[in-house]
Amino acid sequence: MKQGKDSRGAASSTARGLLPRQPLVAVSADVIELYRYLWHATPLQYLEAAVAGAGVFPLVVPSLGDRLDFDQLFAAVDGLIVTGSGSGVHPSLYGGDASEANGPYDPARDSTTLPLIRKAIDEGIPLLAICRGLQELNVALGGTLATEIQDRPRMLDHREPPSDNRDERFAIRQNLTIKSDSSLSRMVGARHIKVNSLHRQAIDRLAEGLEVEAVAKDGTIEAVSVRSACTFAVGVQWHPEYWVKSDEPSARIFRGFGDAVRARAAKRPSITPYTE
């Protein structure tokens, strides 16, 4: 028999004929070695931001490449977050040269995230790509990357400050100019913001399917959007997840992503509750 009221006297979801659903969002994973095991993992800060900033249920997807059924995954999730990482996209994927200097690499992650990104765009799944994720987005759509950009003439040093203090490494310190009347400017409500910066690679040739949303003072592309997307599909080179609870532009990015995820989830058929 159906339940009527919960312990607080409110009508239960079963009594309303629906089960509440916190939208699932797929989150990319790195492959790392720890305790003599290989782990598929993602930093806590992304998962915290997904829950606290976007209001979604993060689901870490192992980097198993084509052994995963992406159709089955996207039948269950309503969003995709592609995280940052200390590794770089392997240069063989965009016509570059691999070297110890611009490593380390994570080919298992590449084999998973690139097809995930393309499928998310094709399926109209909301997409938020952060740092390495932005670079993967560009490569997935046919663009190229520049490595060790701090060594190039007239370029800023976008790497994290040397410190044992995580807050200092993720400090908001870099000025950005956001393109007027862009999805990002409407989202954050400003043309100029400050962000953190922890990268040494950047977009070189922009993929044809992307629009530049923001640039740094030296011209480095710091944010993009997918031109043909029917929903939220944004990549940022900085780390809004780190300050999502205290920095308003960071919070607005995650809220915008979460709103798009919920809008997609709302279009799913209602879940029929279990009855005895």
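The working numbering runs 114 ahead of the 1-based position in the sequence shown. Positions of the beta carbon are idealized from the N, C-alpha and C atoms, including for glycine.
Own chain, CB closer than 6 Å to residue i, minus 5 neighbours either side, in chain order
| i | result |
| --- | --- |
| A168 | F368, F371 and G372 |
| A444 | The structure shown does not extend to residue 444, since the chain is modelled only from 115 to 390, so the question has no answer here. |
| D332 | M269 and L270 |
| M301 | R366 and G370 |
| I307 | L290 and P363 |
| G123 | The predicted position of G123 is uncertain, since its pLDDT is 42 and thus under 50; no value can be drawn from it. |
| K293 | E327 |
For residue i, the nearest candidate out of the options (CA to CA)
| i | options | result |
| --- | --- | --- |
| L178 | S206, T261, E162 and A155 | A155 |
| T334 | V302, V348 and Q288 | Q288 |
| T261 | D318, R223 and R376 | D318 |
| C344 | P229, D236, A321 and R181 | D236 |
| A330 | R283, L324, V309 and L320 | V309 |
| L312 | L158, E336 and R378 | E336 |
| L251 | L182, V326, P383 and L187 | V326 |
| I263 | A316, A374, D185 and Y208 | A316 |
| D295 | I286, P276, A285 and A328 | A328 |
| G257 | Y149, A215, Y208 and L187 | Y208 |
| I286 | A377, S360 and A379 | S360 |
| A143 | D185, Y149 and I244 | I244 |
| A164 | F184, P383 and Q136 | Q136 |
Short Cβ contact (9 Å threshold) for residue i with residue j
| i | j | result |
| --- | --- | --- |
| A166 | V358 | yes |
| T197 | V141 | yes |
| L255 | I239 | no |
| Y160 | E355 | yes |
| V170 | D192 | yes |
| R314 | H272 | yes |
| S297 | R305 | no |
| S206 | R223 | no |
| R246 | G202 | yes |
| P221 | H204 | yes |
| L173 | L138 | yes |
| V253 | A321 | yes |
| E147 | W153 | yes |
Proximity test, residue i beta-carbon vs the ligand HEM heavy atom, cut-off 8 Å
| i | result |
| --- | --- |
| E362 | The model on display carries no ligand, and the ligand HEM is accordingly not part of it. |
Beta-ladder partner(s) of residue i, from DSSP
| i | result |
| --- | --- |
| H154 | V145 |
| S339 | E325 and V348 |
| V309 | Q288 |
| A260 | A316 |
| V174 | V141 |
| Y219 | G202 |
| I244 | V350 |
| A330 | L290 |
is_contact[residue i, chain B] using C-beta, thresh 9 Å
| i | result |
| --- | --- |
| Y149 | No chain B is present in this structure, which holds just one protein chain. |
Contacting residues, own chain, Cβ-Cβ under 8 Å from residue i (five flanking each side not counted)
| i | result |
| --- | --- |
| A403 | Coverage of the chain is limited to positions 115 through 390, which leaves residue 403 absent and any answer about it impossible. |
| S342 | I235 and G323 |
| P218 | G200, S201 and G202 |
| L259 | G202, V203, P205, Y208, G210, Q249, N252, V253, Q315, A316, I317 and D318 |
Cut-off 7 Å between Cβ atoms - residues of its own chain near residue i, not counting five sequence neighbours on either side
| i | result |
| --- | --- |
| E274 | R283 and L312 |
Segments assigned alpha helix (DSSP H), at least 4 residues, entirely inside the stretch 176-214: Entirely contained in the stretch 176-214, the alpha helix (DSSP H) runs reaching 4 residues are, in chain order, 184-190.
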